[in-house]
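For the record, the sequence lines run as chains A, B and C.
For the first sequence, my numbering gives the first residue as 1, with consecutive numbering after it.
For the second sequence, my numbering gives the first residue as 295, with consecutive numbering after it.
For the third sequence, my numbering gives the first residue as 743, with consecutive numbering after it.
All C-beta atoms, glycine included, are put in the ideal place defined by N, C-alpha and C.
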Amino acid sequence: MSYFVNVTLTGLTQGMIYAAFALALVLIWRSTRIVNFAQGSMAAATTFIALALVQAGWSYWLALVVALASGFVLGAIIERVIIRPVEGGNELNAVIVALGLFVALQAGIAIVFGSSFQSFPAPFGLEGFSVGDRRIALTPNGIYIIGAVIVTMLLLVALFRFTRVGLAMRASAFSQEVSRLLGVKVGGMLTLGWGLAAVVGSLAGLLIAGGGFVYPAYMDSLIVFGFVAAIIGGLDSPVGAIVGGLILGLALSYISGYAPRGSSLVTISALVILMVVLLVRPGGLFSSTTARRA
Amino acid sequence: MSRSSRRLVSVLAAATVVSALAACGGSDDGGGGSSSGGANEASAPGITEDTIKLGAHFPLTGVAAPGYSEIPTGLKAYFDYVNDNGGVYDRKVDYIYRDDAYNPSNTSTVVNQLVLEDEVFAIVGGLGTPTHSAVVDFLNAEGVPDLFVASGSLTWGEDPETNPYTFGWQTDYESEGKIIGQYIAENFPDAKVGLFLQDDDFGENGEKGIREYVDDQIVGAERYTPGNTNVGPQIAALQAAGADFVVGFNVPSYTALSQLTALQLGYKPQWFYSNVGSDPQLVGSLLNRFSQGKVTGSALLAGAYTTDYLPTVDEPDNPWVQKFQEIWDKYGEEGELTNYRLYGMSMAYTTVQALQAAGQNPTRDDLVEAIEQVGGDWKGPVLAPFRYSEKSHMGTSGMSISQLTPEGSAKEIQGVMTTDIGDAKIKEFDGKPTTPTENGIPDEEPYK
Amino acid sequence: MSDLQSPAPSAGQVTEDAPTVATAAANAPSAAASTGRSLLPQSTLLRHLVLLLLGAVAAVVLLEITDPFTNSQLATLSYYAIAAGGLTVLTGMNGQISLGHGALMAVGAYTTALLLQEPADALPLPLILLISVVTTTAVGALVGVAAARLHGPYLAGATLALAVGLPGLAVYFHDQLGGEQGLRVRAPRAPESFESFIDLVSGASASSTKWLAYVGAICLLITYFLLANLVRSRIGRTWRAVRDQDVAAELAGINLGAWRVLAFVVSAAAAGLAGGVLALVVRLAAPSGFTLVLSLSLLTAIVIGGLGSLLGALLGSALLVFLPPFVTDLGTGSGLSSTEAAQLAPFVYGVVLIVAMIFAPAGFVGTIRMRWLTQKAKRSAGRAAPADSSRG
């Protein structure tokens, strides 16, 4: 029984990490209709900035703020300089630019910060809570991750639903021409969308890194799972990103924990889960649009 | 300053090699035999009058780069030191290492480049089991000595008939498993043993060795796939199985992950990490900063057992470590001397022994023959002798066992034992600890 | 391998297409076809045969004048280009994105590797490669059926998961598929006729590297010949209709799903052959050889080269093969350590991707063709009406 609880709890925490990554993808998709493959590298870059500050003696929280701010700047600059020229063109070109950015940024991090393992501090404890005389696989830091992701999700929902800026961002992504006619500064909205998405991405990077170790490619395995989580959720919905992350995290943890040699089945299971979801609902679980044509 | 001028020298040296090769055109087909004259000759591909070109593949970028990418810097630093002190038969060693990002397709390409374009004399220290598997046939077909593969897989040494040019170097995983298994059987006969294994030949061979001694004590064997960072289910399963002694055949990042997960679960078995995963310096520093002082890494790892076949950087009194530290300070790149770099420097030491033994004007086959004939007698930083002979190309088989202290260093608790794969017995090694020569450069006689 | 595209050659001349198909064909992007309109024969099949012959001669010349290492690089180029050629049919002609072609290559590579485990009594090499193609085609059909329902990012996500998930099976079935360390592949020796051929052509030694480069080149030429014919056939035109005018195509009675599946099947066949060649050239089929990087590299190759063009796929693949060692050597040559130079290579590669997409969004071939067309238009416009130059 306690084994089941522990497998569930590790899956829950892992799922929240996927969800954090998926949230950033959803945000960028909502605001620019681009799947940002460079998300992982961008987050890694800001995580390394935070790490440098922590190593220089700053507190975790101050480093966090600086990393998020630099994430915003990085996202905005990337949108203005690199993404803007390919926006509105062939969508594959945007994908390739993002891939190029992914490769170049990762190499850049290795050149600047080196490619060895470095540990990244967690702001809260890493020992599980005690229930009776047993410890369970839920730590104060795990609670922090879960809380941070849910708060971010709520903020995003509020932004899109209740603020003018959120409305303008959605409008810009939906139809640039109409938005312009209605007086929305589309260019600014796109930049803002990338900036905010990079902030969320940076947060995801820091949450993932906390209490673990980082190296330039540390986000690589998460890109796939984060993307799969976002798609399961429908790519359009912040709530969907959380649900998608949780489904994936829990399912993979159960498979890893209960199937024989389960750890080696994790990647193929992600594929199977995704296909099952997409065969039932081709637009993901929380897609707002009904079956669009190709 | 001194580094950039050294670079210039090596660039110039490379340029001379190219022009020399261009000048002598087709004379690189290996033959020749060693004439006993006093002059240096271009006796084989990659060997000129004043240089020996060696090559290797390492993961310098990508997921496997952390740690492993430091190994070639150790080799290079040691070769640079030797070059500044007369070289090998007055030849300078030119060590070219290329990036394969731990992808066998890339390994195949870069080794092609090393052999066909750079025309290296030998490959030294190619890293990784899947990666090196892609090139072992090619190197043996081309007759290129393939020395000291940086992996403990049995593939490199157990079958010299199929792979006559390939040699292992470090203790193979099966022998290591046997030595660990015997130690547990003798000292912890009542322990319920759990295994935490990487899901490849590393975990598999290690498990085979351990099971020879404590098969009936094992209560669970859990495997993780590299890249899957959630080891919660595996550690929880070992806990649920009641294992109170966990042996890990895993890489260093998974040592840290398994420790963190165990901390999470409040699981406190006796840990025993195989050599590959135990680098206390690295793992300790990883764990140290995790929680801003809430968890101290060395305290977490304190009491864990591990195996050694080389001295490590946490033994500052060891004469080999002192010598290598001295060399690293002067010839190394930026950064400290790490156990990875120490590994590289020790391997470079063995390489220089091999080159010296091969004679003044060796062919590629001379090098292989030299290692087979006299390689078993070499003394060096490696704790126990190599098993090199015509019948075996396995590297060293000896391992000591030590326990990590709360200060993050290791204390030896069992001296060096040697064994071999299969049903070979485990024996106590009766040799004395070796010390480096005055200048830290070996002095081997030509084997013939 | 001709079984896959048997309707292709004769279909070139068919003209009774539905109107929508004919309009879509107007923007037919075919590299091979547009190059030599005056010198080459009118018939598509004949023209492609002539090009095939020229390609074969060029390949022999190239392989004989270059050094052994370049030979091996060209062998690498061949498997990238075969897979990219197939992908350009799927993505370029039919508009479906795939981030999972590396996984399909893995299917081909493992099939070849399994069939070569007993080199003594292995099947003939062409048959082995053919079986690899058929196996991969079957897997591709399965994936294609699932993929036909998906579009845009959903398809991207599904194929991405495929790229990462499928090679993982080799670890699970480690007894059959060799696990993490993979299956070693011993390529069959070159036949004696090959040695006498090389002796005749250049007198060089017929090394195994050279033999594998020839195997790769032959597979590449056959694949491109078949693909080029297919693209110019009614099938190719229908694909473009499905891509550009799906509603109209459906009204004209075209079953969109079936055609999408067919595109996936054809590109999977190419990926399977590419995987087989990879297994021979790399001498190993292991999961770590089929990472996400491989799948993404193929996609970048076809976009950078020029989407929808076989020549573009070839050029894009050449960039993948030749750029990294070039940058690394440049780096070490200018005094960087090997590690620094190795880190520089992916950095430069990424920057090249970004810069190319910003300044040449249509890829090499597309951009050059556009320049050429604009110039031609300018010239003819200049001849007709020298006054009007207001439109830029």
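Worksheet entry | Outcome for residue 774 (chain C) when other beta-carbon atoms lying within 10 angstroms are tallied against a minimum of 16 | Low local confidence applies: a pLDDT of 41 at residue 774 (chain C) is under 50, so the model's placement there is unreliable, and no value is given.
Worksheet item: Just by C-beta distance, which residues in the region 681-705 of chain B are closer than 7 Å to chain C?
Response: Taking 7 Å as the upper bound on Cβ-Cβ separation, chain C lies near no residue of the region 681-705 of chain B.
Discussion item. Beta carbons nearer than 7 Å to chain C: which residues of the region 218-248 of chain A have them?
Written reply: Within the region 218-248 of chain A, contact with chain C at the beta-carbon level (separation under 7 Å) is assigned to 224, 227, 228, 231 and 235.
Practice prompt. May I have the straight-line CA-CA distance separating residue 536 (chain B) from residue 271 (chain A), to the nearest angstrom?
Written response: A direct Cα-to-Cα measurement between residue 536 (chain B) and residue 271 (chain A) gives close to 34 Å.
Worksheet entry | Selected residue, minimal CA-CA separation from residue 826 (chain C), among C:799, C:890, C:1006 and C:885 | Check the Cα spacing between residue 826 (chain C) and each of C:799, C:890, C:1006 and C:885: the tightest is with C:1006.
Worksheet item: In whole angstroms, what is the alpha-carbon distance linking residue 25 (chain A) and residue 246 (chain A)?
Response: Cα to Cα, residue 25 (chain A) sits roughly 16 Å from residue 246 (chain A).
Discussion item. Please report whether the beta-carbon of residue 318 (chain B) lies at a distance below 8 Å from any beta-carbon of chain C.
Written reply: Below a pLDDT of 50, predicted positions are generally treated as unreliable, and residue 318 (chain B), at 42, falls in that range; no measurement from the model is reported.
Worksheet item: Helix, strand or coil: which one does DSSP assign to residue 891 (chain C)?
Response: Secondary structure of residue 891 (chain C) (DSSP, three-state): coil.
Worksheet entry | Secondary structure of residue 320 (chain B), DSSP reduced to three states | Confidence in residue 320 (chain B) is poor, its pLDDT being 37 and thus under 50, which makes the residue's placement too unreliable to answer from.
Item to complete: Determine contact between the region 843-854 of chain C and the region 428-448 of chain B, defined as no fewer than three beta-carbon pairs at a distance below 8 Å.
Response: Because the criterion of three Cβ pairs below 8 Å is not met, the region 843-854 of chain C and the region 428-448 of chain B do not touch.
Worksheet item: Hey, residue 492 (chain B) and residue 518 (chain B) are a contact pair by Cβ (cut 8 Å); roughly how many whole angstroms apart?
Response: At roughly 6 Å, the Cβ-Cβ gap stays under 8 Å, so residue 492 (chain B) and residue 518 (chain B) are in contact.
Fill in: Top-ranked residue by Cα proximity to residue 231 (chain A), from A:274, A:201, A:222 and A:194
Checking every option, the nearest Cα to that of residue 231 (chain A) belongs to A:274.
Worksheet item: What residues match up with residue 346 (chain B) in a beta bridge as DSSP calls it?
Response: Note: residue 346 (chain B) is bridge-paired with B:341 and B:387 in the DSSP secondary-structure output.
Worksheet entry | Whether residue 835 (chain C) touches residue 1045 (chain C) by CB criterion (8 Å) | With contacts defined as CB atoms closer than 8 Å, residue 835 (chain C) and residue 1045 (chain C) fail to qualify as a contacting pair.
Item to complete: Verify the CB distance criterion: does residue 24 (chain A) have a CB-CB separation below 8 Å to chain C?
Response: By this cut-off, residue 24 (chain A) is not an interface position.
Practice prompt. Using 10 angstroms around the beta-carbon of residue 718 (chain B), count the other beta-carbons present and answer buried if the total reaches 16, otherwise exposed.
Written response: By the neighbour-count criterion, in which 16 or more other beta carbons inside 10 Å mark a residue as buried, residue 718 (chain B) falls on the exposed side.
Worksheet item: Within 10 angstroms of its Cβ, does residue 185 (chain A) collect 16 or more other Cβ (buried), or is it exposed?
Response: Classification for residue 185 (chain A): exposed.
Fill in: For residue 565 (chain B), the first and last residue of its enclosing alpha helix (DSSP H)
It is not in any alpha helix (DSSP H) - residue 565 (chain B) instead sits in the beta strand (DSSP E) that spans 564-567.
Discussion item. Could you check whether the region 252-265 of chain A touches the region 197-214 of chain A, counting it as contact only if at least three pairs of C-beta atoms, one from each stretch, sit closer than 8 Å?
Written reply: No, the region 252-265 of chain A does not touch the region 197-214 of chain A.
Discussion item. Taking 8 Å as the threshold (C-beta atoms), are residue 822 (chain C) and residue 994 (chain C) in contact?
Written reply: No.
Discussion item. Against chain A, with Cβ distances strictly below 8 Å, would residue 392 (chain B) count as a contact?
Written reply: No, residue 392 (chain B) does not count as interfacial toward chain A.
Item to complete: Check whether the Cβ of residue 523 (chain B) lies closer than 8 Å to any Cβ atom in chain C.
Response: Residue 523 (chain B) does not count as touching chain C.
Fill in: Contact set for residue 381 (chain B): own chain, Cβ-Cβ below 7 Å, skip 5 residues either direction
If we look at residue 381 (chain B) and ignore the five residues flanking it on each side, its Cβ neighbours are 387.
Worksheet item: Cα separation between residue 377 (chain B) and residue 385 (chain B)?
Response: When the Cα atoms are used, residue 377 (chain B) and residue 385 (chain B) turn out to be separated by approximately 8 Å.
Worksheet item: So, using beta-carbon positions, are residue 1085 (chain C) and residue 107 (chain A) closer together than 8 Å?
Response: Yes.
Discussion item. For residue 61 (chain A), count the other beta carbons within 10 Å of its own beta carbon; 16 or more makes it buried, fewer makes it exposed. Which is it?
Written reply: By the neighbour-count rule (16 or more Cβ atoms within 10 Å), residue 61 (chain A) is not buried but exposed.
Discussion item. Which of the three DSSP states is assigned to residue 681 (chain B) in this structure?
Written reply: Coil at residue 681 (chain B), not helix or strand.
Worksheet item: Looking at residue 910 (chain C) and residue 268 (chain A), is the spacing between their C-beta atoms short of 8 Å?
Response: In contact: residue 268 (chain A) and residue 910 (chain C) (Cβ atoms closer than 8 Å).
Discussion item. Can you tell me where the beta strand (DSSP E) holding residue 693 (chain B) begins and where it ends?
Written reply: Segment 693-698, the beta strand (DSSP E) holding residue 693 (chain B).
Fill in: Classification of residue 317 (chain B) by the beta-carbon crowding that lies within 10 angstroms, buried from 16 upward
Reliability fails at residue 317 (chain B), whose pLDDT of 41 lies under 50, so the model's placement of it is uncertain and the value that follows must be treated cautiously. Counting Cβ neighbours within 10 Å, residue 317 (chain B) comes out exposed, since fewer than 16 surround it.
Discussion item. Does any residue of chain A have a CB that is nearer than 8 Å to the CB of residue 880 (chain C)?
Written reply: By this cut-off, residue 880 (chain C) is not an interface position.
Fill in: C-alpha distance - residue 1104 (chain C) paired with residue 222 (chain A), whole-angstrom precision
Residue 1104 (chain C) and residue 222 (chain A) have their C-alpha atoms some 31 Å from each other.
Fill in: Where residue 35 (chain A) meets chain C, residues with beta-carbon distance less than 9 Å
What residue 35 (chain A) touches in chain C: 894, 895, 898 and 899.
Worksheet item: In this structure, what does DSSP give as the bridge partners for residue 487 (chain B)?
Response: In DSSP, residue 487 (chain B) forms a bridge with B:512 and B:539.
Worksheet item: Since residue 670 (chain B) and residue 683 (chain B) are thought to touch, with beta carbons under 8 Å apart, how far apart are those beta carbons, to the nearest angstrom?
Response: Yes, they are in contact, since the Cβ atoms of residue 670 (chain B) and residue 683 (chain B) sit about 6 Å apart, within 8 Å.
Discussion item. Within 8 Å of any Cβ in chain C, is that where the Cβ of residue 110 (chain A) sits?
Written reply: Closer than 8 Å to some Cβ of chain C, the Cβ of residue 110 (chain A) qualifies, so yes.
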